[in-house]
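Undergrad: Chains A and B supply the protein sequences, listed in that same order.
Here my numbering is used: the first residue of the first sequence is 53, the next is one more, and so on.
Here my numbering is used: the first residue of the second sequence is 2, the next is one more, and so on.
Below is one structure. I have some questions about it.
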Amino acid sequence: MSTMTINLKIWRQKNSNDPGHFEDYKLDDVNEHMSFLEMLDVLNENLIKEGTDPVEFDYDCREGICGSCNLVINGRAHGPKHMTAVCQLHMREYNNGDTIVIEPPRAAAFPVIKDLVVDRSAFDRIIEAGGYVSVKTGAAPEANLIPVPQDTSNIAFDYATCIGCGACVAACPNSSASLFTGAKIAHLNSLPQGQPERDKRTIAMVNQMEKEGFGDCSNFAECEAVCPVGISIASIAEMRKDYVKAIF
Amino acid sequence: MPSFTEALQSQVGRKILTGLTGIFLVLFIIFHLGGNLAILGEPDAMNRYSMFLHDMGPLLWIARIGLLAVFVIHAWLGISIWLRKRKARPNNYAVYSSKGGPSKQGLSSRSMAFTGVVLLIFVIFHINTFALGETQTVMIDGQETHDIKSLVIDTFENSALYAFGYAFVMLLLGTHLGHGIWSAFTSLTLSSKKASAVVYTIGVLLAIVLAVGFLFIPLYIYFGGGCDAALINCN
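This is how it looks when you write it as structure tokens:
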């Protein structure tokens with residue numbers, strides 16, 4: 053098992069009012085089998101032992117399904133690998149002596165809370181605007197009462213895999229949230245259960261996306277490249293189609 | 002439900018409008034290139050084409066005003082998207098790079114605002130030089146008309162600045178369209194992966210053809226082709 057020395061340049065910011073700065077760290081004995089986040093855990097252990105503030109970063113499941121982690125590593129959201137969240141990135145992707153620059157996602161709509169942690173509640177508010185299907189509570193309806201063709205179900209599932217990590221916003225040169233919003237709209241609008249609120253949902257979510265201060269989409273498709281679950285920009289086209297249908 | 006004008010001002014509406022106006026402008030420049038290439042045809046082909054346009058009378062003015070409106074809307078949308086982008090990311094990354102793969106980030110897509118603004122300034126000079134420039138008159142079929150051909154030849158023959166300046170801006174036009182054509186169709190909800198790949202390739206090819214077509218003429222005239230093309234007023 054080989055170990056390596058990694059130089060880190062990490063964004064440190066006390067709170068949203070602090071202008072923030074980069075701090076350099078050197079980490080010896082980094083195991084190639086460590087995940088990227090485990091490497092940061094080791095760094096934090098060292099920092100705590102030294103009596104300094106550990107680096108704040110978001111994580112939860114560490115298996116690529118919760119969407120909590122979202123670091124911009126050497127200028128790329130979630131690091132160098134396609135269809136991989138930071139938590140599933142391993143240090144074997146790096147070489148001895150590498151310098152790794154870690155920044156938080158940068159967008160006005162995602163204000164920094166501390167260090168690498170940003171407030172992504174703008175996404176929650178987009179969902180609140182229409183990313184749901186209203187059902188009357190009571191006895192759970194029989195699941196197969198509404199037939200869904202297999203290919204429709206597959207398409208809806210592809211869009212439903214969005215974990216809401218915000219890498220699309222982080223990587224977009226315009227800080228657009230179109231991939232996230234598009235995926236959520238396309239997911240629900242492709243299913244029969246989503247039809248009654250289809251127009252209302254599309255308009256409300258598109259409006260909320262703008263209200264939150266995300267930029268316009270310029271079709272860079274960088275969002276698709278960084279998406280840890282590979283959501284296609286076709287979702288943005290679906291959002292546009294549904295928006296036009298809702299207006300006319 | 003938002004009204005139609007409100008919808009046009011939404012992020013989706015702006016993008017669709019940018020795409021529509023962009024496609025209209027591409028169609029216009031295809032016709033424009035056709036007109037330019039008339040300089041290589043029969044000696045009076047270009048002036049005949051100019052006469053045909055002028056003979057359209059009020060229709061020409063409607064087309065001119067419509068074209069100007071489309072151009073202004075397209076430019077305004079592009080500039081406003083750029084301004085919003087600056088607001089949406091007030092602090093830039095220290096390090097930033099594309100992840101490649103399906104990403105369409107590159108010189109063409111990242112320079113849209115720059116090439117667009119250069120084209121906007123260029124069009125103002127361009128109209129001033131050719132549409133508002135002083136022309137001699139020439140007789141065609143017993144009718145007096147503008148000798149636009151001589152104006153074009155004189156402009157490029159005698160000025161390296163004009164010839165190379167125009168050629169350079171046409172390279173920027175090609176760069177703008179390299180991303181722009183595909184992006185316009187994508188904004189107009191083109192979503193199939195296969196169709197998207199085809200449109201992208203056609204877009205890039207069309208961008209190259211248009212850029213080369215437009216930049217060829219000033220350089221051709223500057224390097225002496227004007228004499229062959231003019232037949233008139235050439236030593």
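Glycine residues also receive a C-beta, built at the ideal position from the N, C-alpha and C atoms.
1) Should the segment 160–171 of chain A be regarded as contacting the segment 192–205 of chain A, the criterion being three or more beta carbon pairs within less than 8 Å?
2) Assuming the contact rule is C-beta atoms closer than 8 Å, Ala159(A) and Ala222(A) should be a hit. Round their C-beta distance to whole Å, please.
3) Alpha carbon to alpha carbon, how far is Val56(A) from Asn122(A)?
4) Just how far apart, CA to CA, sit Gly190(A) and Asn98(A)?
5) Can the beta-carbon of Leu95(A) be found closer than 9 Å to that of Tyr77(A)?
6) Between Lys66(A) and chain B, is there a C-beta pair that is closer than 9 Å?
7) Could you tell me whether the Cβ atoms of Ile17(B) and Leu189(B) are closer together than 9 Å?
8) For the beta strand (DSSP E) that contains Ile152(A), what are its first and last residues?
9) Judging by CA-CA distance, which residue of Thr233(A), Met86(A), Glu290(A) and Tyr295(A) is the nearest neighbour of Ile207(A)?
10) Could you give the DSSP three-state label for Asn92(B): helix, strand or coil?
11) Looking at the structure shown, is Thr213(A) part of a helix, part of a strand, or coil, going by DSSP?
12) Along the chain, where does the alpha helix (DSSP H) that runs through Asp294(A) open and close?
13) Below 8 Å on the Cβ atoms is my contact criterion, and I expect Gln106(B) with Glu274(A) to pass it. Report the Cβ-Cβ distance as a whole number of Å.
14) Measure the alpha-carbon distance for Ile285(A) versus Lys297(A) and round it to whole angstroms.
15) Note down, in chain order, each residue of its chain lying with its Cβ closer than 8 Å to the Cβ of Ile117(A), except the 5 sequence neighbours on either side.
16) Assign Asn236(B) to one of two classes, buried (16 or more other C-beta atoms within 10 Å of its C-beta) or exposed (fewer than that).
17) Just list the beta strand (DSSP E) runs in the segment 180–254 of chain A, keeping only unbroken ones of 3 residues or longer that don't cross its boundaries, in chain order.
18) Can you tell me the Cβ-Cβ gap for Cys220(A) and Ala212(A), rounded? I've got them flagged as a contact below 8 Å.
19) Check the DSSP bridge columns for Asp76(A) and list the partner residues they point to.
20) If you follow the alpha helix (DSSP H) that Ile122(B) is part of, which residue opens it and which one closes it?
21) Using the beta-carbon of each residue, which ones in chain A are nearer than 7 Å to Gly101(B)?
22) State yes or no: is the C-beta of Val138(A) within less than 9 Å of the C-beta of Ile125(A)?
23) Consult DSSP for Phe217(B) and reduce its assignment to one of helix, strand or coil.
24) Are the C-beta of Tyr211(A) and some C-beta of chain B separated by less than 9 Å?
25) Select from Gly183(A), Ile198(A) and Ser287(A) the residue whose C-alpha is nearest the C-alpha of Asp251(A).
26) With DSSP run on the structure shown, which of helix, strand or coil describes Val169(A)?
27) Report the residues of the segment 95–124 of chain B with a CB closer than 8 Å to any CB of chain A, ordered along the chain.
28) When you compare the CB positions of Ile255(A) and Ile288(A), do they come within less than 9 Å of one another, or not?
29) To the nearest angstrom, how far is it from the Cα of Asn191(B) to the Cα of Ser197(B)?
30) Output the residue ranges of the alpha helix (DSSP H) runs that lie fully inside the segment 26–50 of chain B and measure 4 residues or longer, sorted by chain position.
31) Beta-carbon within less than 7 Å of His1(B)'s beta-carbon, same chain only, minus the 5 sequence neighbours each way: which residues are those?
32) Could you check whether the Cβ of Phe74(A) sits closer than 9 Å to any Cβ belonging to chain B?
33) Relative to the alpha-carbon of Gly218(A), which residue among His73(A), Gly119(A) and Phe74(A) has its alpha-carbon at the smallest distance?
34) Do Lys86(B) and Pro225(A) have their CB atoms nearer than 9 Å?
35) Could you confirm whether any beta carbon from chain B is found closer than 9 Å to the beta carbon of Glu195(A)?
36) May I ask you to list the residues that DSSP assigns as paired with Val82(A)?
TA: Reading from the atomic positions:
1) no
2) 7 Å
3) The displayed chain sequence assigns Met, not Val, to residue 56(A). If you take the alpha carbons of Met56(A) and Asn122(A), they lie about 24 Å apart.
4) 53 Å
5) yes
6) No, its Cβ sits nowhere closer than 9 Å to a Cβ of chain B.
7) Yes, these two residues count as a Cβ contact at 9 Å.
8) Thr151 to Glu155
9) Glu290(A)
10) Shown here, Asn92(B) sits in coil according to DSSP, grouped into three states, outside any helix or strand.
11) coil
12) Ala286 to Ile299 is the span of the alpha helix (DSSP H), which, as asked, contains Asp294(A).
13) 5 Å
14) 19 Å
15) Ile215
16) Reliability fails at Asn236(B), whose pLDDT of 45 lies under 50, so the model's placement of it is uncertain and the value that follows must be treated cautiously. Exposed.
17) none
18) Wrong, their Cβ atoms sit about 16 Å apart, outside the cutoff.
19) BP columns for Asp76(A) point to Lys61(A).
20) Met113 to His127
21) Ala277
22) yes
23) Helix, per DSSP.
24) Not closer than 9 Å to any Cβ of chain B, the Cβ of Tyr211(A) fails to qualify, so no.
25) Its Cα nearest to that of Asp251(A), the residue Gly183(A) stands out among Gly183(A), Ile198(A) and Ser287(A).
26) Here Val169(A) carries a strand assignment [DSSP, helix/strand/coil].
27) Listed in sequence order: Ala95, Val96, Tyr97, Ser98, Ser99, Lys100, Gly101, Gly102, Pro103, Ser104, Lys105, Gln106, Ser110, Arg111 and Met113.
28) For Ile255(A) and Ile288(A), no; Cβs fall outside 9 Å.
29) Per the sequence shown, the amino acid found at residue 191(B) is Leu instead of Asn. So the two alpha carbons sit approximately 7 Å from each other.
30) none
31) Absent from the model: residue 1(B). The displayed extent of chain B is 2 to 236, so no value can be given.
32) yes
33) Gly119(A)
34) yes
35) One point to set straight first is that residue 195(A) is Ala, not Glu, in the sequence displayed. No, because no Cβ of chain B sits closer than 9 Å to the Cβ of Ala195(A).
36) Paired residue(s): Met56(A).
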